[in-house]
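Engineer:
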Amino acid sequence: MTGSADTAHRFLALHHGDAPLILPNAWDRGSAKLFEALGFDAVATTSAGHAATLGRLDGRVTRDEALAHARDLVDAVGLPVSADFENAFADAPADVAANITLAVETGLAGCSVEDYDGTALYDAALATERVAAATEAAHTGGHAFVITARAENFLRGNPDLADTIARLQSFQEAGADVLYAPGLPDLDAIRAVVAAVDRPVNVLALPGAPPVAELRTAGVKRISVGSGFSLVAQGAAITAAKELLERGTYDWWSVAAPAFTLTHEVFES
Numbered sequence: 001m002t003g004s005a006d007t008a009h010r011f012l013a014l015h016h017g018d019a020p021l022i023l024p025n026a027w028d029r030g031s032a033k034l035f036e037a038l039g040f041d042a043v044a045t046t047s048a049g050h051a052a053t054l055g056r057l058d059g060r061v062t063r064d065e066a067l068a069h070a071r072d073l074v075d076a077v078g079l080p081v082s083a084d085f086e087n088a089f090a091d092a093p094a095d096v097a098a099n100i101t102l103a104v105e106t107g108l109a110g111c112s113v114e115d116y117d118g119t120a121l122y123d124a125a126l127a128t129e130r131v132a133a134a135t136e137a138a139h140t141g142g143h144a145f146v147i148t149a150r151a152e153n154f155l156r157g158n159p160d161l162a163d164t165i166a167r168l169q170s171f172q173e174a175g176a177d178v179l180y181a182p183g184l185p186d187l188d189a190i191r192a193v194v195a196a197v198d199r200p201v202n203v204l205a206l207p208g209a210p211p212v213a214e215l216r217t218a219g220v221k222r223i224s225v226g227s228g229f230s231l232v233a234q235g236a237a238i239t240a241a242k243e244l245l246e247r248g249t250y251d252w253w254s255v256a257a258p259a260f261t262l263t264h265e266v267f268e269s
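If you want it as structure tokens, here you go:
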């Protein structure tokens with residue numbers, strides 16, 4: 001068994017414990033190393049956070065840039081790393097499969113595949129074919145590479161719970177390891193999704209999302225933050241910069257102090 005296969009098996013097992021896997025989304029090597037030092041069991045990339053480090057909006061990163069970024073984070077930590085792989089940078093199922101094979105080769109433990117092409121949702125049948133192609137490529141040769149299939153309805157202006165559940169059920173039948181419908185509006189919707197499928201369900205920690213304890217009771221197996229932590233970092237920098245420009249004071253150092261201490265411990269090791 002290769003090291004990456006072992007890591008992927010470990011990552012999948014983390015979705016089947018009593019408590020949800022809390023999955024922070026890192027935007028660079030440093031943030032990934034900090035999350036590892038803080039005690040998280042795995043990390044994921046964030047497409048929006050990565051794009052921001054390049055001065056771009058989400059969706060403006062190329063496939064090769066995303067793969068290089070994933071490889072960089074894999075090399076930075078000893079934890080399983082899952083990639084926010086957008087729509088796998090392809091429309092046709094065969095091209096999705098080819099790009100998943102490239103993702104496996106980076107040493108990632110898994111990645112997500114969205115049913116959205118950047119402008120519109122894929123037809124449900126095509127979306128399912130794409131997930132089937134992704135899982136076949138991910139699991140070929142005994143790989144345990146974890147495919148998270150995403151139903152994007154609630155983020156893309158189509159808050160249809162019945163269609164979301166139907167898509168997730170189809171993705172399960174197509175072989176997805178984890179199911180994810182970001183933006184579900186409330187705990188009742190989350191419970192409905194969990195009850196309708198037999199695979200681990202990921203919930204996005206958006207503002208107003210139920211706390212971890214309630215999600216655990218609802219049967220959620222993974223909680224990720226998306227671009228949340230990277231936006232917190234950007235927000236803190238904006239607040240500090242405005243204080244310095246507008247007030248000429250340095251109270252922002254109180255926020256920086258924990259990072260100063262931890263980075264000295266982590267980055268020197």
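Quick note on my numbering: the sequence shown kicks off at 1 and runs consecutively.
Heads up, the beta-carbon is just placed ideally off N, CA and C, and yes, glycines get one too.
In this text the structure is predicted, and so the values were computed from the model without any measurement.
1) My output table needs one value for residue 12: the three-state DSSP class, helix, strand or coil.
2) Can you tell me where the beta strand (DSSP E) holding residue 204 begins and where it ends?
3) To the nearest angstrom, how far is it from the Cα of residue 205 to the Cα of residue 246?
4) Just tell me which of 121, 130, 119, 118 has its CA closest to the CA of residue 94.
5) DSSP beta-bridge partners for residue 148?
6) What's the gap between the Cα of residue 266 and the Cα of residue 237?
7) Taking only three categories from DSSP, how would you classify residue 1?
8) Counting only the same chain and skipping the five closest in sequence on each side, list residues whose C-beta sits under 6 angstroms from that of residue 36.
9) Residue 71 and residue 107 - do their beta-carbons sit closer together than 8 angstroms?
10) Determine the DSSP secondary structure at residue 79, reduced to helix, strand or coil.
11) How is residue 25 classed by DSSP in three states: helix, strand or coil?
12) Candidates 241, 182, 99: which alpha carbon is nearest residue 68's?
13) Residue 43 lies in the beta strand (DSSP E); which residues open and close that run?
14) From what residue to what residue does the alpha helix (DSSP H) around residue 216 run?
15) Near residue 101, what residues of its chain come up, given a Cβ to Cβ distance below 6 angstroms and the 5 sequence neighbours on each side ignored?
16) For residue 122 versus residue 148, is the C-beta distance shorter than 8 angstroms?
17) Please state the DSSP three-state secondary structure of residue 121.
18) Let me know the secondary structure DSSP gives residue 263 once reduced to three states.
19) Just checking my contact of residue 167 with residue 192 at CB under 8 angstroms: how many whole Å lie between their CB atoms?
20) Report yes if the CB atom of residue 73 is closer than 8 angstroms to the CB atom of residue 104, and no otherwise.
21) Based on DSSP bridge pairs, tell me the residues matched to residue 222.
22) Starting from the C-beta of residue 158, find all residues in its chain whose C-beta is less than 7 angstroms away, skip the five residues before and the five after it, and write them out in chain order.
23) Among the residues of its own chain, which have a CB less than 8 angstroms from the CB of residue 51, if the five just before and after it don't count?
24) Taking residue 233 as the reference, give the member of 217, 34, 250 with the closest Cα.
25) Have a look at residue 271 and residue 87 and give me their C-alpha separation to the nearest angstrom.
26) Please identify the residue among 184, 221, 146, 244 whose C-alpha is closest to the C-alpha of residue 198.
Structural biologist: Taking the coordinates as given:
1) Taking the first residue of the sequence shown as position 1, residue 12 is located at position 12. Residue state, collapsed to three classes: helix.
2) One-based indexing of the sequence shown puts residue 204 at position 204. Where residue 204 is concerned, the enclosing beta strand (DSSP E) stretches over 201-204.
3) On the sequence shown, position 205 is the one that residue 205 refers to. On the sequence shown, position 246 is the one that residue 246 refers to. Their Cα atoms are separated by approximately 33 angstroms.
4) The residue labelled residue 94 in the question sits at position 94 within the sequence shown. Of 121, 130, 119, 118, the residue nearest in Cα terms is 130.
5) Your numbering for residue 148 matches position 148 in the sequence shown. The partner list for residue 148 (beta bridge, DSSP) reads 112, 178.
6) The residue given as residue 266 occupies position 266 in the sequence shown. The residue given as residue 237 occupies position 237 in the sequence shown. Straight-line Cα distance between these residues: approximately 21 angstroms.
7) Taking the sequence shown and counting its residues from 1, one reaches residue 1 at position 1. Residue placement at residue 1 is poorly supported in this model, since its pLDDT is 38, which falls under 50; the coordinates are not used for a value here.
8) What you label residue 36 is simply residue 36 of the sequence shown in a count that begins at 1. Only 77, 79 meet the Cβ criterion.
9) Within the sequence shown, residue 107 is the residue found at index 107, counting from 1. Within the sequence shown, residue 71 is the residue found at index 71, counting from 1. Cβ atoms of residue 107 and residue 71: closer than 8 angstroms.
10) Your numbering for residue 79 matches position 79 in the sequence shown. Correct three-state label for residue 79: coil.
11) For the purposes of this step, residue 25 is identified with residue 25 of the sequence shown, where counting begins at 1. Residue 25: strand per DSSP, three-state reduction.
12) Counting from 1 along the sequence shown, the entry for residue 68 is found at position 68. The residue with the shortest Cα to Cα distance from residue 68 is 99.
13) Indexing the sequence shown from 1 puts residue 43 at position 43. Here the beta strand (DSSP E) through residue 43 covers 43-45.
14) Position 216 of the sequence shown holds residue 216. Its alpha helix (DSSP H) spans residues 212-217.
15) Here the question's residue 101 lines up with position 101 in the sequence shown. Contacts found: 137.
16) For this step, residue 122 is matched to residue 122 along the sequence shown. For this step, residue 148 is matched to residue 148 along the sequence shown. No, they are not a contact pair.
17) On the sequence shown, residue 121 is found 121 positions in, with the first residue counted as 1. Residue 121 falls in the strand class under three-state DSSP.
18) Numbered from 1 along the sequence shown, position 263 holds the residue referred to as residue 263. Note: residue 263 maps to helix in three-state DSSP.
19) Taking the sequence shown and counting its residues from 1, the one referred to as residue 167 is at position 167. Taking the sequence shown and counting its residues from 1, the one referred to as residue 192 is at position 192. Wrong, their Cβ atoms sit about 13 angstroms apart, outside the cutoff.
20) Along the sequence shown, read from residue 1 onward, the residue named residue 73 stands at position 73. Along the sequence shown, read from residue 1 onward, the residue named residue 104 stands at position 104. No, these two residues do not count as a Cβ contact at 8 angstroms.
21) The residue labelled residue 222 in the question sits at position 222 within the sequence shown. Per DSSP, 21, 202.
22) If you number the sequence shown from 1, residue 158 lands on position 158. Correct list, in chain order: 121.
23) Counted from its first residue, the sequence shown places residue 51 at position 51. Excluding positions up to five away in sequence, the list reads 57, 58, 59, 60, 61.
24) For this step, residue 233 is matched to residue 233 along the sequence shown. Residue 34 is the option with its Cα nearest to residue 233.
25) No statement about residue 271 is possible, as the shown extent of the chain runs from 1 to 269 and does not include it.
26) Looking up residue 198 in the sequence shown gives position 198. Per the Cα distances, 221.
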